[in-house]
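A.B. asks: Before anything else, here's the structure in question.
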Amino acid sequence: MNRALIDTDILSYYFKGDKTVVKNFEVYLQRYDLIEISIVTYYEILSGLLAKNALKQIEIFEEFVIDNLIIPLTEDSVKISAELYSTLRQSGKIIDDIDLLIAGVAIENEMTLVTNNENHFKRIPGLKIDNWSKHVLRL
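If you're matching positions, the sequence shown starts at 1 in the UniProt record's numbering and goes up one per residue.
Next up, the structure:
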């Protein structure tokens, strides 16, 4: 089992109590000490909660963040994202910048991106993906 970078949709499922996703977080945490998200996912979740004025959910999210790890954007991850943008644009398979930045972080850190948006992310060359909402992990 590779290190996992949790995408925004899977993290949302976790907070909504999706049984399969919650179970997979538990299994993953038996092997790794923490859950890792990108700074971009942090932005997406926080901005969505702020827009809804969901103060209790913000508090729960911030507690989650304290116990886990936010991976920052780096020059290298942004360069990877820019190269992906160029490649995908030339082939007519454009993906939004937010998702390219998340993919860049995953690729730079040799992580599997855990997402429910498989059709979208499978267009990105060199990106390993998994969907924790569809199966239960095994150690």
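Beta carbons are placed, not taken as given, at the ideal position from N, Cα and C, and that holds for glycine.
Considering just the uninterrupted stretch of the beta strand (DSSP E) at residue 142, what are its terminal residues?
C.D. replies: Beyond the ends of the chain as shown, which are 1 and 139, falls residue 142; an answer cannot be given.
A.B. asks: Take every Cβ of the region 80-92, pair it with every Cβ of the region 41-53, and state whether three or more of those distances are shorter than 8 Å.
C.D. replies: The region 80-92 vs the region 41-53: no contact.
A.B. asks: Identify the residues that DSSP records as bridge partners of Asp130: which are they?
C.D. replies: Asp130 pairs with Val114.
A.B. asks: Where does Leu55 fall in DSSP's three states?
C.D. replies: If DSSP states are grouped into helix, strand and coil, Leu55 belongs with the helices.
A.B. asks: Based on DSSP bridge pairs, tell me the residues matched to Ala4.
C.D. replies: In the DSSP output, where bridge partners are listed per residue, Ala4 has Thr112.
A.B. asks: Using only CA atoms, which one of Glu59, Ile35 and Leu34 lies nearest to Leu46?
C.D. replies: Nearest C-alpha to Leu46: Glu59.
A.B. asks: Under 8 Å between the Cβ atoms of Val114 and Ile10?
C.D. replies: Contact flag set, yes.
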